[in-house]
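Protein chains: 4
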Amino acid sequence: MSQTRIKLGMVGGGATAFIGAVHRIAMRMDDRFELVAGALDVDAERGRAFAATLGIAPDRAYATYQDLIDKEALRPDRVDAVVIVTPNFLHFPIAKAALEAGFDVICEKPMTTTLEDAEALAALVESTGHRFFLTHTYTGYPMVRQAREMIAAGEIGRLRRVEVEYLQDWLAAPVENTGAEGAVWRTDPKRAGAGGAIGDVGTHAWNLAAFVSGEEPTHLLAELSTLVEGRRVDDDAAILLRYASGAKGSILASQVLPGNGNNVSFRIYGDKAGLEWWQEKPEELWFTRLGEPRQMIRRNGAGATNSAIAGSRVPAAHPEGYLEAFANLYRDAADILSGKAASTVVPSALDGVSGSKFVEACLKSNAAGNTWTEVG
Amino acid sequence: MSQTRIKLGMVGGGATAFIGAVHRIAMRMDDRFELVAGALDVDAERGRAFAATLGIAPDRAYATYQDLIDKEALRPDRVDAVVIVTPNFLHFPIAKAALEAGFDVICEKPMTTTLEDAEALAALVESTGHRFFLTHTYTGYPMVRQAREMIAAGEIGRLRRVEVEYLQDWLAAPVENTGAEGAVWRTDPKRAGAGGAIGDVGTHAWNLAAFVSGEEPTHLLAELSTLVEGRRVDDDAAILLRYASGAKGSILASQVLPGNGNNVSFRIYGDKAGLEWWQEKPEELWFTRLGEPRQMIRRNGAGATNSAIAGSRVPAAHPEGYLEAFANLYRDAADILSGKAASTVVPSALDGVSGSKFVEACLKSNAAGNTWTEVG
Amino acid sequence: MSQTRIKLGMVGGGATAFIGAVHRIAMRMDDRFELVAGALDVDAERGRAFAATLGIAPDRAYATYQDLIDKEALRPDRVDAVVIVTPNFLHFPIAKAALEAGFDVICEKPMTTTLEDAEALAALVESTGHRFFLTHTYTGYPMVRQAREMIAAGEIGRLRRVEVEYLQDWLAAPVENTGAEGAVWRTDPKRAGAGGAIGDVGTHAWNLAAFVSGEEPTHLLAELSTLVEGRRVDDDAAILLRYASGAKGSILASQVLPGNGNNVSFRIYGDKAGLEWWQEKPEELWFTRLGEPRQMIRRNGAGATNSAIAGSRVPAAHPEGYLEAFANLYRDAADILSGKAASTVVPSALDGVSGSKFVEACLKSNAAGNTWTEVG
Amino acid sequence: MSQTRIKLGMVGGGATAFIGAVHRIAMRMDDRFELVAGALDVDAERGRAFAATLGIAPDRAYATYQDLIDKEALRPDRVDAVVIVTPNFLHFPIAKAALEAGFDVICEKPMTTTLEDAEALAALVESTGHRFFLTHTYTGYPMVRQAREMIAAGEIGRLRRVEVEYLQDWLAAPVENTGAEGAVWRTDPKRAGAGGAIGDVGTHAWNLAAFVSGEEPTHLLAELSTLVEGRRVDDDAAILLRYASGAKGSILASQVLPGNGNNVSFRIYGDKAGLEWWQEKPEELWFTRLGEPRQMIRRNGAGATNSAIAGSRVPAAHPEGYLEAFANLYRDAADILSGKAASTVVPSALDGVSGSKFVEACLKSNAAGNTWTEVG
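Have a look at this one:
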């Protein structure tokens with residue numbers, strides 16, 4: 002096929018892993034990548050069997066990530082980048098090894114489980130000059146990008162309030178006790194990091210708030226709760242935000258509220274207008290100018306801006322969704338890795354550091370009795 | 002007309018006042034009241050002229066509230082109750098005078114501008130044995146009452162999180178500087194009370210949270226902001242809540258967010274289910290049982306409970322709204338005043354005290370740097 | 002009370018009748034009417050007892066409509082107008098008698114059960130010079146009035162297509178067999194008229210289409226169905242419309258589709274824009290300009306026109322509904338009856354004739370095998 | 002890569018064609034296909050250049066479809082199937098040639114531009130035993146499939162009414178006069194077929210109605226309109242439907258109504274319940290049981306059935322859309338072509354014949370003055 006496809010090796014993402022499958026669809030969507038290597042499973046045999054179904058050659062189906070990195074480094078047709086879709090605690094060692102071996106990296110969030118690791122990794126990205134892409138999905142949605150663009154263009158005026166939520170219910174019952182996939186490691190501080198909901202969904206909300214508003218809070222005040230008895234990490238968090246500009250905000254991140262699937266939303270208001278978006282209806286961006294009727298802007302339709310149009314594959318009113326948003330991150334990565342673009346809006350290692358600072362500040366604020374805490 | 006109509010005298014509610022007109026429509030809706038006396042305006046002449054248009058006899062169109070109370074007290078056909086719809090700072094002296102003169106009282110919220118006054122008033126209600134109704138409108142909506150009933154019946158299980166918002170935009174610009182009706186006194190601490198948004202809309206949110214959930218937070222942590230420069234009161238507030246049961250909550254009250262009209266909502270979750278309601282679509286109550294499809298219950302339709310049906314005047318799908326909700330408060334008051342019911346769910350002086358405690362706790366928490374503060 | 006209240010006598014509207022109660026609330030809403038006489042029930046005793054609860058003096062609680070008309074005509078304080086809220090087949094004789102005795106009339110729809118009667122009544126209105134108001138509720142909604150105003154002002158351009166629906170489910174089962182209130186007479190051709198769904202809800206749709214679009218179809222093609230076995234009238238109708246201007250349209254009227262409460266809607270499109278409205282969310286009017294984002298205009302909010310503002314009692318975002326819409330019809334009637342206005346948009350006897358022509362054309366088209374039939 | 006990938010050759014779908022790009026994304030989504038050959042453009046040079054960007058080898062980038070078919074037929078590694086994404090009038094000759102040369106076919110709708118051709122093609126599919134897939138996109142949506150499954154399982158009871166709409170506005174102005182892409186050939190009867198809106202979007206609605214309800218109307222009555230002056234085909238159609246079972250229905254198909262993007266919807270009611278779906282919010286299926294609250298079922302969430310789950314790639318509340326629906330058609334085709342499944346729900350040549358019968362019946366009914374016409 003096309004000569005210009007970028008070659009990828011994947012670590013994690015075995016047969017039953019949700020997010021690995023998402024990455025593979027996303028990388029195929031625009032035909033700019035080729036998955037040619039993998040260390041897909043902690044069970045090496047199972048990983049190899051699964052690799053075969055993906056069309057990965059047997060000699061590039063590796064037993065461990067170290068193996069993948071070592072052996073790929075020696076091949077003339079070596080992979081261009083390593084995709085990391087393992088449980089959280091492995092992100093750091095794998096990314097570090099990959100960068101040191103000369104590979105670019107595409108990594109699931111959170112980047113690391115500690116701030117120390119995050120900063121080390123960002124420094125390594127800086128010193129090696131390699132590329133690092135952090136797949137904060139929601140930044141790939143066209144209408145999220147349009148909101149960012151509109152705010153940067155001054156459409157809402159001076160920032161007043163940033164409200165971001167990420168609400169789920171899949172941990173509403175103590176499902177980790179019955180071995181539910183994903184729930185076991187995500188509620189284990191050793192594998193997921195000290196933050197539960199704040200790490201798993203709170204970092205998305207934090208990233209989304211900054212991505213869209215163009216400002217990062219300087220201080221936060223967090224109350225972390227464990228609403229399901231016996232759970233080892235927080236599963237619910239309410240966080241107040243303060244911006245240097247005087248704007249205020251809050252994040253609500255919870256995984257235990259019945260009826261919420263992936264209820265990610267932002268409502269961001271300035272003194273002239275507001276912008277409101279819900280991930281479960283991602284094609285609609287509400288633009289609320291003071292003193293005018295509410296407008297519903299649709300992706301690629303009337304009122305769509307350049308960034309929304311660029312992030313579209315089909316016309317307005319033929320809905321795109323989560324996979325297309327994810328594919329936009331891969332498309333941006335492809336533009337950079339192929340030299341077609343110098344920079345894009347895809348989150349980087351600096352966003353990973355910011356996420357770690359957020360988690361650390363939340364933990365610190367909460368431990369201190371919910372007091373204002375400087376971020377970073 | 003009907004022998005059983007309850008006779009009312011109104012203080013405030015002149016020709017251009019919004020809320021006075023609402024009270025008059027609400028009291029007429031079910032034909033249980035008759036407005037026979039009034040001190041409707043600080044400008045006595047204007048008040049008398051307006052009274053005439055309402056069919057109030059000239060000798061019962063009074064110049065001052067004191068006049069109304071003194072003279073009505075002497076009439077054999079004296080009013081049964083006094084309705085207070087003045088700016089906030091007058092609620093207390095008028096209510097006090099009315100109660101002392103032997104009248105029942107129907108009063109706009111907030112009940113008073115200080116906790117001290119609120120407690121004095123509640124004590125007076127107790128000692129006099131007279132009735133006191135506080136018109137927290139939102140408690141009159143049938144689907145709000147149904148939510149309360151469902152939670153009391155255990156439908157959502159053990160309470161987890163209470164999210165209540167009251168968002169507006171009518172103070173998004175410094176309209177008080179141009180003399181906009183209502184804005185001038187509402188942003189004047191002397192006439193509105195020390196709380197701005199927390200008093201005007203925050204108390205509604207606080208009341209609604211308790212009304213529906215059946216629990217009152219023991220502690221809160223409030224950040225009050227003045228987002229419009231030069232304003233003399235808070236116009237935006239983010240408040241965290243803690244319940245004795247371990248449940249958490251938050252209130253967002255703001256009057257400066259473009260695109261929000263009267264965006265009052267609650268989302269209340271337990272371990273079994275959630276209930277969600279938005280005032281701007283008041284006929285719909287979302288019931289979200291864990292592991293089941295979301296259900297949309299409509300007033301007086303399938304799934305409606307007794308309290309929703311009792312609060313309905315027309316069948317489901319012929320929408321009722323704000324005025325009918327308000328009229329439900331009056332209907333309940335009529336039931337009590339006529340002896341038809343011993344008690345109803347209409348807020349009382351105790352709710353007024355609770356609201357004052359809320360405002361005071363918010364001010365205290367904010368002054369202390371946003372720390373947890375006991376309520377009451 | 003006020004000297005200027007208009008005195009009404011009501012025929013029909015007994016203790017258990019739905020629409021009579023609605024009329025009484027609507028007439029009280031703005032305090033412009035006084036209900037002083039009534040022949041409320043076919044059971045005279047029951048009617049008198051109910052009249053007493055409404056504050057109607059015993060000597061003005063009549064046994065029959067003829068009695069009411071005869072005796073009121075002789076009183077110096079006679080009623081100004083007669084309100085007719087009986088089953089359909091009685092509208093004509095009562096209205097005729099009232100007009101002939103010199104009373105103005107406020108009448109429920111459909112005006113009559115035959116076109117012949119409708120034309121006779123309209124002629125009588127013309128010859129007597131008395132006022133006749135036909136309470137097509139939906140024309141009272143502020144956003145319906147705004148849509149009419151916008152179309153008249155050319156906002157949607159040249160008319161293309163008019164889609165109106167009125168869907169219910171209360172006759173989805175054969176409830177008339179179990180004596181369900183309202184269902185028995187409404188499915189009896191002798192009492193309801195030959196049209197079932199077309200008469201009961203189709204006439205509303207027909208009226209709404211004309212009211213908003215400003216044009217009446219010249220031809221229609223109707224398919225009437227009886228989807229519930231054994232029912233004696235149509236309960237479902239699909240109707241195609243043609244306008245002299247070349248525009249097209251359709252009406253869907255059905256009372257047997259599960260999940261529809263009072264799903265009344267219009268979607269009207271011209272070559273420049275469209276307007277869309279659903280009665281179950283009556284506060285929102287969607288304005289869809291070609292090549293621009295969809296706008297949601299709210300009653301009394303930004304973008305509201307004069308007619309919507311005039312039809313409002315409370316600010317935008319404090320929802321009004323069905324009863325307020327109904328009260329707008331009464332308010333308009335009061336403006337005319339009191340001489341305050343020469344004309345309003347309230348439907349008249351001519352609309353009643355138009356509705357009868359619609360029903361007759363539907364029956365004719367259906368009988369002829371669903372062929373195009375001239376209306377009127 | 003994977004040994005089991007199915008090899009495809011594409012005809013049409015050049016650099017600027019919308020639907021060709023959609024097919025390519027859809028075929029890549031699940032990595033079951035490989036595009037290895039193409040005759041992508043009427044301009045052979047341009048087609049070859051574009052083929053190179055898709056990774057198609059130069060010797061398999063053909064100048065014409067006949068070339069592709071002739072030469073691929075001789076290769077040992079010949080394509081398994083031919084994908085046809087040309088303007089409508091070419092579907093038939095290409096499909097015919099491909100089938101005769103022994104290839105399976107994946108074809109855009111409408112299958113042909115005449116009923117005669119459709120029947121010939123269906124006969125050829127039958128006689129050759131090759132596979133023919135007609136990409137009626139909307140049948141790929143998981144919630145559409147769930148609706149079909151629920152109706153087949155008796156969930157709505159006996160069918161009463163089928164309402165399907167497909168409304169657009171991209172032809173609201175005479176854009177064909179300014180050479181707008183796609184509009185020129187779609188409004189040219191020679192290239193699009195005699196039906197305009199009925200062929201382009203009406204056939205989708207017809208197919209969707211039958212797919213979901215499980216019944217095909219026996220008769221229809223159609224009114225075709227050309228609402229944009231000077232257009233050479235119909236751009237708006239209202240069609241009444243009759244089913245053998247006694248059920249009724251209607252289709253509204255229009256391309257000239259401002260504010261409608263791809264407003265495809267069905268509302269299907271039986272005597273027990275209804276199902277309602279809108280393509281612009283494809284994740285939600287409303288299930289309306291008589292006498293119960295409305296339920297909103299989400300793809301892959303609570304209440305999702307087997308067919309919806311099977312058609313899902315990500316969990317509920319991470320929205321999927323148009324491309325995933327399209328990819329479901331390709332996935333089903335892959336299951337059949339690889340022998341994994343004997344049959345699926347993907348539309349076949351018989352659906353193409355049905356669509357042609359629909360168009361022909363519409364034209365006939367319209368020509369006869371909008372009379373009931375037997376379908377097929």
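Residue numbers (my numbering), protein chains in the order written: chain A, 2 to 377; chain B, 2 to 377; chain C, 2 to 377; chain D, 2 to 377. For glycine and all other residues, C-beta sits at the position ideal for the given N, C-alpha and C.
Where residue i falls, given that 16 or more other Cβ within 10 Å makes a residue buried
i, result
"C/Asp237", "buried"
"D/Glu127", "exposed"
"D/Ser3", "Its pLDDT being 47, under 50, D/Ser3 is placed unreliably by the model, and the measurement read from it follows with that caveat. Label assigned to D/Ser3: exposed."
"A/Pro77", "exposed"
"D/Asp387", "Residue 387 of chain D cannot be examined here, being either before or after the span of chain D that is shown, 2 to 377."
"B/Asn371", "buried"
"A/Asn208", "buried"
"B/Ala248", "buried"
Residue of the options minimising C-alpha distance to residue i
i, options, result
"B/Lys365", "B/His220, B/Ala309, B/Leu253", "B/His220"
"D/Asp32", "A/Thr140, A/Ile57, A/Asn208, A/Ala198", "A/Ile57"
"D/His319", "D/Glu285, D/Leu36, D/Ala123", "D/Glu285"
"A/Lys191", "A/His24, A/Glu277, A/Gly340, A/Asn89", "A/Asn89"
"C/Glu217", "C/Val163, C/Arg233, C/Leu172, C/Gln169", "C/Val163"
Residue(s) in a DSSP beta bridge with residue i
i, result
"B/Cys363", "Paired residue(s): none; B/Cys363 is not in a bridge."
"C/Lys249", "C/Arg162, C/Arg243"
"B/Gly15", "Its beta-bridge partners do not exist; DSSP assigns none."
"D/Gly271", "D/Leu160"
Proximity below 7 Å, CB of residue i to CB of residue j
i, j, result
"B/Gly39", "B/Ala52", "yes"
"B/Leu100", "B/Leu135", "no"
"D/Gly262", "D/Ala119", "no"
"C/Pro259", "D/Thr289", "yes"
"D/Gly197", "D/Leu330", "no"
"D/Ile85", "D/Val23", "no"
"B/Ala211", "B/Ala350", "no"
Contact test: residue i Cβ vs the ligand ADP heavy atom, cutoff 6 Å
i, result
"B/Pro294", "The ligand content of the structure shown is nil, which means the ligand ADP is not present either."
Cβ neighbours of residue i in the same chain (closer than 7 Å, five flanking residues each side left out)
i, result
"B/Arg187", "Ala193, Asp201"
"B/Val185", "Glu177"
Same chain, Cβ closer than 6 Å to residue i, neighbours up to 5 away in sequence not counted
i, result
"C/Pro316", "Asn301"
"B/Ile70", "Ala98, Ala99, Ala102"
"C/Gly271", "Ile157, Gly158, Arg159, Leu160, Arg161"
"C/Glu166", "Leu253, Ser266"
"D/Met30", "Ala328"
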